[in-house]
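FYI, the numbering for the sequence shown is 966 to 1364, going by my numbering.
Built from N, CA and C at the ideal position, the CB exists for glycine as well.
See below for the structure under consideration.
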Amino acid sequence: GFGLTDSYPEANARHYAFMLEGLAETELALRKRGLGFVIRLGSPDDVALGLAGQAALVVCDRGYLRSQRRWRKRVAAEAGCRVLQVEGDVVVPVDLVSAKQEIGARTLRPKLLRLRDQFLRPLRRQHPRDSAERIKVASDVDLTDIPALLARLNIDRSLPPVGNFRGGYKEAKRRLDEFATRRLQRYVAARAHPGEAEVSTLSPYLHFGQISPVEVGVAARDAKAPDENSASFLEELIVRRELAMNFVHTTPNYGQYDCLPEWARQALAAHRRDRREHLYGWDQLAGANTHDPYWNAAMREMLLTGYMHNYMRMYWGKKVLEWSPSPEEGYAALLRLNNMFFLDGRDANSYANVGWVFGLHDRPWPERPIFGKVRSMTASGLRRKTDIDDYVRQISALS
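Given below as structure tokens:
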């Protein structure tokens, strides 16, 4: 069962369209396997409890964000039957790895790698002994007409759906196959170059649970690619991604400025009064209207596609910090931009990635204006390390 709420925090029509495309495909796939699928309007916990009244057992996936944990806690307390939680959004279950907030990848990595191969195994497809066709539990949502369903929902429509990412497992699997057979071959050499498409583009599908990180990891591990490429991708998929899960799971105040490391907050506070050559407000940032053509291109990519190359995400975030009146205002603006425009926004990785811009999961660097000892990034660095002008041309062609 699935509870479709039109009040999910910070979600808009862009996110809903992608999610509903995936749900429509899931419904058809489950029916072919003799499994039922029920989708109803309502808060996920209310819908789950309504279905639990007719169930002998409730099985749910695990969520790490506050709202997700709150829903599951209520269902477990009120279901009136046994409730099992299955951890499918990570490769290694979070609590098995660490019970504390890890300071960075270097402390989490050895703990994950000790356990990784126990869980990085091909998934076996199970088939039900009895078909669910005889069980009459009705949906009140029609997934065959997604535009009509979107019009029915009381959601933010300021951002329309995107055309370059279609939701669902089939599209995720197509992207995975293309990445594992072709793009992974040059992953280490090309992943830091935003003008080259040698990345997986799977983050929206992972965010919405439309493909398993285990399936992605197995495909990368078993691909006919140089070992360094597979290892580098698995570092991002497992170590870096699950570091974000550890962060939100162990940090009650994630998403707030005071969740940042003390050294980083002190470093930024020491430079609070430094002169900012450029200051931009929300409308200028959200409109990709700054003096920086590289930043504007990155923001345009996000506006048009709901996606941004990871290297540009780092630069994009660092500049919001640099161009904000205070680090606190920069943090709030960056998190809002991230969660509004990215298809993979509102994710554990969102909070970790925005935090990284301000020093989370990083170390002190040589002191600089505005940033203090927090790592900075510059336009000259982009020009030196990447063919940034080629990236700008590619994004201009999208408009």
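Cβ pair residue i, residue j closer than 7 Å
{"i": "R1039", "j": "D1010", "result": "yes"}
{"i": "Y1259", "j": "A1162", "result": "no"}
{"i": "Y1029", "j": "H1172", "result": "no"}
{"i": "W1281", "j": "A1262", "result": "no"}
{"i": "G1182", "j": "E990", "result": "no"}
{"i": "V1051", "j": "D1026", "result": "yes"}
{"i": "N977", "j": "L1124", "result": "yes"}
{"i": "A1188", "j": "A1145", "result": "yes"}
{"i": "G1271", "j": "V1127", "result": "yes"}
{"i": "C1046", "j": "A1013", "result": "no"}
{"i": "F983", "j": "L1308", "result": "yes"}
{"i": "F1336", "j": "A1229", "result": "no"}
{"i": "L1118", "j": "D971", "result": "yes"}
{"i": "H1236", "j": "P1159", "result": "no"}
{"i": "D1239", "j": "P1331", "result": "no"}
{"i": "A1190", "j": "Q1150", "result": "yes"}
{"i": "A1232", "j": "K1138", "result": "no"}
{"i": "L1202", "j": "I1111", "result": "no"}
Alpha helix (DSSP H) segment containing residue i, residue limits
{"i": "V1040", "result": "1031-1043"}
{"i": "D1060", "result": "1059-1062"}
{"i": "F1130", "result": "That residue, F1130, is in no alpha helix (DSSP H); it is neither H nor E in DSSP."}
{"i": "R1079", "result": "1070-1084"}
{"i": "G1346", "result": "1344-1350"}
{"i": "D1354", "result": "1353-1363"}
{"i": "A994", "result": "978-997"}
{"i": "L1014", "result": "1009-1017"}
Contacts around residue i, its chain only, beta-carbon distance under 7 Å, and the 5 residues preceding and following it disregarded
{"i": "A1070", "result": "V1204, R1205, L1208, H1326"}
{"i": "P1087", "result": "V1183"}
{"i": "L1006", "result": "L969, D1105, V1106"}
{"i": "I1100", "result": "G1001"}
{"i": "I1360", "result": "A1262, R1265, E1266"}
{"i": "M1342", "result": "M1279, Y1280, K1283"}
{"i": "L1225", "result": "G1320, F1323, G1324, L1325"}
{"i": "L1077", "result": "V1057, V1062, I1203, V1204, E1207"}
{"i": "D1223", "result": "none"}
Sequence-distant residues of its chain with Cβ nearer than 8 Å to residue i (five each side left out)
{"i": "N1211", "result": "V1059, V1062, S1063, Q1066, E1067, L1073"}
{"i": "P1290", "result": "R1241, L1244"}
{"i": "N1318", "result": "A1209, R1278, G1282, N1303"}
{"i": "A994", "result": "Y1134"}
{"i": "T1351", "result": "A1157, H1158, P1159, G1160, Y1276"}
Residue i - containing beta strand (DSSP E), residue span
{"i": "G1295", "result": "Where G1295 is concerned, there is no enclosing beta strand (DSSP E), although the alpha helix (DSSP H) it sits in stretches over 1292-1306."}
{"i": "R1005", "result": "1004-1006"}
{"i": "R1047", "result": "1047-1051"}
{"i": "G1310", "result": "Note, G1310: premise wrong, no beta strand (DSSP E); not H, not E."}
{"i": "V1023", "result": "1022-1026"}
{"i": "F1336", "result": "Where F1336 is concerned, there is no enclosing beta strand (DSSP E), given that its DSSP letter is neither H nor E."}
{"i": "G968", "result": "967-969"}
Proximal residues to residue i (C-beta, below 6 Å), its chain only, five neighbours per side dropped
{"i": "A1157", "result": "Y1276"}
{"i": "G987", "result": "G1132, G1133, F1173, Q1175"}
{"i": "W1247", "result": "none"}
{"i": "A1044", "result": "A1017, V1023"}
{"i": "W1036", "result": "P1009, D1010"}
{"i": "F1084", "result": "V1056, V1057"}
{"i": "D1121", "result": "N977"}
8 Å contact criterion, which residue i and residue j should meet: CB distance rounded
{"i": "S1096", "j": "G999", "result": "4 Å"}
{"i": "S1104", "j": "Y1152", "result": "The pair is not a contact, with the Cβ atoms about 41 Å apart (cut-off 8 Å)."}
{"i": "R1241", "j": "A1253", "result": "No, R1241 and A1253 are not in contact; Cβ-Cβ is about 19 Å, not under 8 Å."}
{"i": "Q1221", "j": "V1102", "result": "That pair is no contact at about 40 Å."}
{"i": "L1108", "j": "R1140", "result": "Contact flag wrong, Cβ pair sits at about 22 Å."}
{"i": "Y1219", "j": "Y1316", "result": "5 Å"}
{"i": "R1148", "j": "V1164", "result": "7 Å"}
{"i": "A1017", "j": "V1024", "result": "With a Cβ gap of about 11 Å, A1017 and V1024 do not count as contacting."}
{"i": "F1130", "j": "P1178", "result": "Going by Cβ atoms, the distance from F1130 to P1178 rounds to 18 Å, so no, they are not a contact pair."}
{"i": "P1292", "j": "L1286", "result": "6 Å"}
{"i": "L1250", "j": "L1363", "result": "So it is not a contact: roughly 19 Å between Cβ atoms."}
{"i": "P1093", "j": "S1032", "result": "Not really, about 31 Å apart at Cβ, beyond 8 Å."}
Heavy atom of the ligand SAH within 6 Å of residue i beta-carbon
{"i": "A1041", "result": "The model on display carries no ligand, and the ligand SAH is accordingly not part of it."}
Discussion item. Going residue by residue through the region 1172-1234, where are the continuous alpha helix (DSSP H) segments of at least 4 residues, counting only ones entirely within it?
Written reply: 1178-1187, 1192-1199, 1206-1215
Worksheet item: Which runs of the beta strand (DSSP E) spanning at least 3 residues fall entirely within the region 1091-1170, listed in chain order?
Response: none
Worksheet item: What runs of the alpha helix (DSSP H), each 4 residues or longer, lie entirely inside the region 1230-1287?
Response: 1247-1251, 1258-1270, 1275-1287
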